[in-house]
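Numbering (the working numbering), first residue to last: 1 to 263.
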Amino acid sequence: MKNRQSVMLIGAMVVGLITSSTVFADSDKGYQIAAERKQRDAGWGDSVAQLSMELTNANGNTSSRKLRIKSLEVINDGDKGLTIFDEPKDVRGTVFLSYSHSTEPDDQWIFLPALKRVKRIASRNKSGPFMGSEFAYEDLSSFELEKYTFNYLRDETLNGQEVFVVEQVPTDKFSGYSSQLVWMDKVHYRPLKVEFYDRRKNHLKTLTFKDYQQYLDKFWRPSELVMINHQNKKMTRLMTENLTFDNGLTERDFSKSSIKRAR
1 MKNRQSVMLI GAMVVGLITS STVFADSDKG YQIAAERKQR DAGWGDSVAQ
51 LSMELTNANG NTSSRKLRIK SLEVINDGDK GLTIFDEPKD VRGTVFLSYS
101 HSTEPDDQWI FLPALKRVKR IASRNKSGPF MGSEFAYEDL SSFELEKYTF
151 NYLRDETLNG QEVFVVEQVP TDKFSGYSSQ LVWMDKVHYR PLKVEFYDRR
201 KNHLKTLTFK DYQQYLDKFW RPSELVMINH QNKKMTRLMT ENLTFDNGLT
251 ERDFSKSSIK RAR
């Protein structure tokens, strides 16, 4: 009798743990946190950034690239981005154009000077690596609420900062990720760390945001992004060397017809 009671007690404890874990994943709160993140970063208009990209292979060998990224905020849709590679010589003149969308698949093109042609990135290929880095094409899309479903999981402390931990699940059937876990600081709603899980739900990559700086007394941008691939042991660092806003960019600066002439 005592053994039966013990088994029943353990079973009740297990059910209780499962129930409490399920309740703790709060979709409403998850969405509210994500919406606050989006709202706090609205209104920046346009930006131009000069960056260095450092690629590290599994043996620890590194190579560097220089690039520029022009960005345009688009109201009621995803943002537009134009990435231009300046160094080294073998990638100089490569241009990547991205039209992010909130509800439709993103439109992305890449101009390869060696081939002298523009190639469209198919939706089913956006999980592939961008220019040999550990960033995928889909990682270069702007953050849009419609691209995910959200779950608030818990509160934590990360590097001395109080954070929310939110799960976001991509709605795009062609996404290379089953889910992403985002650590977001409670004061400014800035992402500090993102863990990416592949379609088999294995931990694939971790992105860390470092040394945030504030611009125009409102907008926070990290000075460094570090993406570590835990499966192939490679790493990519993106370091911002200069960033300006209010550059007067317009839709014409991001036209598909001008991608070959981008400088």
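Yeah, the Cβ is synthetic: ideal placement off N, Cα and C, and Gly gets one too.
Model, not experiment: these values are computed from the prediction.
One alpha carbon belongs to R124, the other to F174, and they sit about 5 Å apart. According to the DSSP assignment, G81 belongs to the beta strand (DSSP E) that extends over K80 to E87. Around the Cβ of L51, a 10 Å sphere holds 16 or more other Cβ atoms; the residue is buried. By alpha-carbon distance to N76, the top candidate from I121, Y99 and L82 is Y99. Runs of the beta strand (DSSP E) lying entirely within the segment 56 to 133 and spanning at least 3 residues, in chain order: 62 to 72, 80 to 87, 95 to 99, 107 to 112 and 117 to 120. When the Cα atoms are used, R199 and G43 turn out to be separated by approximately 34 Å.
Judged by DSSP in its simplified three-state form, F254 adopts helix.
Look at E224 here: in three-state DSSP terms it is strand. The three-state secondary structure of L204, taken from DSSP, is strand.
Linking Q231 to T206 through their CA atoms gives a straight-line distance of about 11 Å.
Rounded to whole angstroms, the gap between the alpha carbons of Y212 and L243 is 12 Å. According to DSSP, Y215 shares a beta bridge with F219. Between the alpha carbons of S63 and K29 lies a distance of about 42 Å.
Straight through space, the alpha carbons of E54 and R65 are spaced by roughly 6 Å. Counting C-beta atoms within 10 angstroms of its own C-beta, L238 has 16 or more neighbours from the protein chains shown and is therefore classed as buried.
Segment contact: the segment 112 to 127 against the segment 89 to 97, three or more CB-CB distances shorter than 8 Å; contact assigned. Put simply, of I69, F254, W183 and F150 the residue whose alpha carbon is nearest the alpha carbon of A25 is F150. Look at S27 here: in three-state DSSP terms it is helix. Distance from the CA atom of G160 to the CA atom of N229, rounded to whole angstroms, is 25 Å. The residue among D79, K147 and V182 with its C-alpha nearest the C-alpha of T157 is V182.
In the DSSP assignment, E241 falls within the beta strand (DSSP E) that extends over M235 to F245. Under the criterion of beta carbons closer than 8 Å, Y189 and V169 do not qualify as touching, at roughly 19 Å. For R154, the enclosing beta strand (DSSP E) covers residues Y148 to L158. Here K233 is near A58, since their CB atoms are less than 8 Å apart. Within its own chain, the residues whose Cβ lies closer than 7 Å to the Cβ of G45, once the five positions on either side in sequence are excluded, are E73, F245 and D246, listed in chain order. Taking the Cα positions, G176 is about 13 Å away from S141. Out of V48, R40, E167 and Y137, the CA that lies nearest to the CA of D217 is found in R40.
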